[in-house]
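Below is one structure; the comments refer to it alone.
Chains as they are written, first to last, in the numbering used here: chain A, 0 to 297; chain B, 0 to 297; chain C, 0 to 297; chain D, 0 to 297.
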């Protein structure tokens, strides 16, 4: 018998796509009649159409029954509330326990900013994500940070905040390419775009945001202090990681540090220099240095 | 009902400590009479003595029975071969999906080399570990790379190769501090220390080594080419990551690249500069640059 | 006949030590009876005691006469006001047209700050010194910048400002080692130490300072803005070069730039990494990066 | 009376253009009848047409005579062999005792390589030039190193070696823009292009090269070892400075060092990162690191 990931949906909603993407067998204890159909719908939407779904109803009773089908077949059916569904995904991807996906794997264009590979990896490391973390990616650009965070948090959620419409579209494209459901794109500039939205632990509705565990700030449009204020008010234990490429940005951070005496600031400047082959020579290809700041409660 | 990690030991051996460390509930299908006792023994050894173990025998039969106890109590008992054990670990650690553990968290001393945090994180990222990867850490030093690799591969295995006895002892200390069972320390210099040892997929005996998926070379004592040869012979699809701090080391890699035309070499030089607070000022604290090379089959 | 450097002292005072140090033959048109004696005194003081001095009096008149002697002999004699003196220095040093004297050549100790070789060279390059420049070295430390500036400006003057008594003594030591007369040490913190001192083009007295052409600020003790104000008031066309090693220092410079709209700011961050031989390997030895800012009138 | 630079041409040839460019008064003891005319010709050629030339013949004899004129007028005249010429240059340029001319001041185009400002300055510093040094610039590109070396050695000579015809033309253009006569362009690849040419201390003819004091190697077209061999054979006390931008180049230098045990190798890697203003922000603009190696006799 192979390993099985056993998940209960009793009393909570959980995004099943990332879990099924990464496990050959997932056994789900369902709670409502349309649970199986909803999951099947999502699976099809994210290209996981070859998953085999078996729903067992009224197990151990005399009238127990089993239904097996593809997502396309299951998504129109209703089942007993207490049913159990087994998902078999022969094309499951063993999750890489690593950051640093190659830049080329993301859809991108020159005009939308993208955090480059190594800086992205070290920024994500500093967020110290857990499987169920709620991550805000402020100024998400192409979404490369959001994608890696979402892969790292299959039972968590990523909120990608982006004001540029082209960039927001590109995040969606990358989201589909990587078969990631647990990203939600919020269009606008932080923190204004959060106005009028409630924050709570289990956010399901449009006007409700989940409480942030981690906030990554790749771009702040001059509102760094306001974004940090918002994050700390939403969750005083939040971990904030900021990427800075301007001297003025560093000055802003120094000003914040003076004020936020309850929080610890850790700063590092990273420079990655590619050693690229050109003919029979290897040349340096220096990237600009980026300062990564981690803010956490003392 | 909470989530349960379901694991079968039928036909394989698997290190249960990391899995129990990271999950509140683990359900294990046992295969031999002493399986439960062995796991209990290990749990106690690694400080997981407050796990509650329940073994169910002959389930669904009339004479089904349940035994509950601490690791200390269970480790002396024998059970039915087809028993099921449930481990409840209320102190489970949600695994961080990240590298970059702070340098201070490792036991160390000035005379044993340690790969520093950010370079370690980026090196590990390039290894692209999976949950079940077999990783060799050549020239392991304090074992910081081994520790992070072992945490990332709870169902895999790390072989730490180290010729210095003090360093080997320190790896063991760090292994216990982090409650990690899936590290095996091999004393000696690679690749000589592998001589006379067989390589196979499921290594359990002393003179047998598991086939490497990933090899990290932090120090090669002038034997870089030999180590790379050994790794590729052991597994032509191996991923090798090398950290280089000398110009001579880079020359060696260039020579390897010329020869190994079937393999792709990717090189990057990383420089991390801490921005450390001293009184009311932040000063730069430059670390020496390290060149990270990744070798993988084309 | 060899090349001769011909210098007139009519109507001006000029420091002859650096000129004689760098030329085999220097011919000086004297102006007062003790000119030759004063120069002889200085030569002896700076270790140039083997220079041969010939003073010609009432040349082309019937009673023309020649006196030849060592500095020790000449320093006690008086000559005709219109005499001509010829200095022959067989140990003259051809001046190196370069900055970047090795750090080891300076007397130093660990507790007195010293601008390191390459950063010193690039800072001096940005001062764009001429033979006759007046240079202020604020926070002079060991005096390494002062020394190189004084060597570059044999007909100019360097004012070394230093508040630490040990450092001031070390500057004097280095001044003698390099046989440099055109350095004047002012003890105190800029700009307070300049209070009560007049600035004029030809400064000879104690309470008079020469007008700065160039100001190098290696350390400002939190008075950067005040020092810059002082320099610009003393000479609006001054060229200022600032070395910054703290993030706070960079913030101060950004604030200055916003205010000083008539001035151009050019900033560069320099990192020098030595490649040092250790046994049969070359290791990197990273120095901390330094930001060099050049301020000049638009 | 102002300072006068007194130069004798007895028994030697000397390039007078740089000396007149940098001094208001230069007094020259001539040796042949066409000396004054030749200097006048050069002055006109390099745009110094407003210099006033006075030639005094048979001075102190009864028939002494003075001729005053512009370069244009003097270049056709013959004078007594023992004449003295006084050059008055009211537009003389006080020489800057510094390297690091702005990159923009050189004529350049994207396809011809140019050593950038700060690396150029530090490379020149390591050559430790004197006023009369003979410098070879191998792989001269736009000639920026040659120009700065020639300015630093007004009584020396620069040999610019360049195989690309476009680059050679650009060196000539820069030479005229900077009014520099003491550069000689040799077309070809070193060291082949030196074959058949004699080396001697005072080179005046086409097939004769001056003995090198300093050799700067900006580009070696794979002939680094040969160029270094040539330089050391020509002058065992030569100082060689090499700029390297490829990993393979560094390997070549390590191989040289192993062999050349009588010589000292000093290596440093320099990275200059511009901090450029874009709107109201300063962004980093990283240049690729360059390794500078200095080779000198122990």
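Just so you know, even glycine gets a beta-carbon here, dropped at the ideal spot from N, CA and C.
Subject >> Proximity to residue 90 (chain D) [Cα-Cα], best of D:59, D:185, D:213 and D:18 >> reply: D:18
Original post:
Are the CB atoms of residue 208 (chain A) and residue 249 (chain A) nearer to each other than 8 Å?
Top reply: no
Original post:
Is residue 317 (chain D) helix, strand or coil by DSSP?
Top reply: For residue 317 (chain D) there is no data in the structure shown, the boundaries of chain D being 0 and 297.
Subject >> Whole-angstrom distance between residue 284 (chain A) and residue 266 (chain D), CA atom to CA atom >> reply: 20 Å
Original post:
Straight-line CA distance for residue 0 (chain B) to residue 167 (chain B)?
Top reply: With a pLDDT of 41 at residue 0 (chain B), under the threshold of 50, the predicted position of this residue should be treated as unreliable, though the coordinate-derived value follows. Each residue's Cα considered, the two are about 43 Å apart.
**OP:** Give the range of the alpha helix (DSSP H) segment to which residue 199 (chain A) is assigned.
**Re:** That residue, residue 199 (chain A), is in no alpha helix (DSSP H); its beta strand (DSSP E) goes 197 to 199.
Subject >> Enclosing alpha helix (DSSP H) for residue 175 (chain C) [first to last residue] >> reply: 164 to 176
Original post:
Taking the Cβ atom as the reference point for each residue, do residue 80 (chain D) and residue 30 (chain D) lie within a distance shorter than 8 Å?
Top reply: yes
**OP:** Spell out the partners DSSP gives residue 275 (chain D) in its beta bridges.
**Re:** D:282
Original post:
Is the Cβ of residue 223 (chain A) closer than 8 Å to any Cβ of chain B?
Top reply: no
**OP:** Give the range of the beta strand (DSSP E) segment to which residue 225 (chain D) is assigned.
**Re:** From DSSP, residue 225 (chain D) is part of no beta strand (DSSP E) but of the alpha helix (DSSP H) over 223 to 233.
Original post:
residue 84 (chain C) and residue 27 (chain C): beta carbons closer than 8 Å?
Top reply: yes
**OP:** Below 6 Å CB to CB, which residues in the same chain sit around residue 251 (chain C) once its five sequence neighbours on both sides are set aside?
**Re:** 223
Original post:
Apart from the five residues just before and just after residue 293 (chain C), which ones in its own chain have a Cβ nearer than 6 Å to its Cβ?
Top reply: 125, 240 and 265
Original post:
With which residues is residue 242 (chain B) paired in a DSSP beta bridge?
Top reply: B:291
Original post:
Secondary structure at residue 55 (chain D), three-state DSSP: helix, strand or coil?
Top reply: strand
Original post:
Unbroken alpha helix (DSSP H) runs of length 4 or more, entirely within the stretch 34 to 115 of chain A: which are they?
Top reply: 34 to 44 and 70 to 73
Subject >> Interface residues of the stretch 110 to 137 of chain D facing chain A [CB-CB below 9 Å] >> reply: none
**OP:** Report the rounded CA-to-CA distance for residue 146 (chain B) versus residue 164 (chain B), giving the unit in angstroms.
**Re:** 18 Å
Original post:
Would residue 213 (chain B) be called buried (16 or more neighbouring beta carbons within 10 Å of its own) or exposed?
Top reply: buried
Subject >> Contact list for residue 188 (chain B) against chain C, beta-carbon separation under 7 Å >> reply: Neighbours of residue 188 (chain B) on chain C: none; closest Cβ ~17 Å, over 7 Å.
Original post:
Any contact of the stretch 230 to 238 of chain D with the stretch 167 to 186 of chain D, i.e. 3+ C-beta pairs under 8 Å?
Top reply: no
**OP:** Have a look at the DSSP bridge pairing and note the partners of residue 159 (chain D).
**Re:** D:136 and D:184
Original post:
Should residue 254 (chain A) be flagged as near chain D, meaning a C-beta pair shorter than 8 Å?
Top reply: no
**OP:** Go ahead and pull the three-state DSSP assignment for residue 253 (chain C).
**Re:** helix
Original post:
Excluding sequence positions up to five away, which residues of its chain have a Cβ less than 6 Å from the Cβ of residue 268 (chain B)?
Top reply: 288 and 290
Original post:
DSSP on residue 118 (chain B), reduced to helix/strand/coil?
Top reply: helix
Subject >> Sub-8 Å separation of residue 71 (chain B) and residue 48 (chain B) beta-carbons >> reply: yes
**OP:** Report the partner residues of residue 213 (chain C) according to the DSSP bridge assignment.
**Re:** C:134 and C:238
Original post:
For residue 14 (chain B), is the classification buried or exposed, using 16 other Cβ atoms within 10 angstroms of its Cβ as the cut-off for buried?
Top reply: buried
Subject >> Where residue 125 (chain B) falls: helix, strand or coil (DSSP) >> reply: helix
Original post:
So, helix, strand or coil for residue 247 (chain C), using DSSP?
Top reply: helix
**OP:** Would you identify the three-state DSSP class for residue 150 (chain A), choosing helix, strand or coil?
**Re:** helix
Subject >> Cross-strand partners of residue 191 (chain B) (DSSP beta bridge) >> reply: DSSP output for residue 191 (chain B) lists no bridge partner at all.
Subject >> Limits of the unbroken alpha helix (DSSP H) element including residue 21 (chain B) >> reply: 16 to 21
**OP:** In angstroms with no decimal places, state the Cα-to-Cα distance between residue 111 (chain D) and residue 20 (chain A).
**Re:** 53 Å
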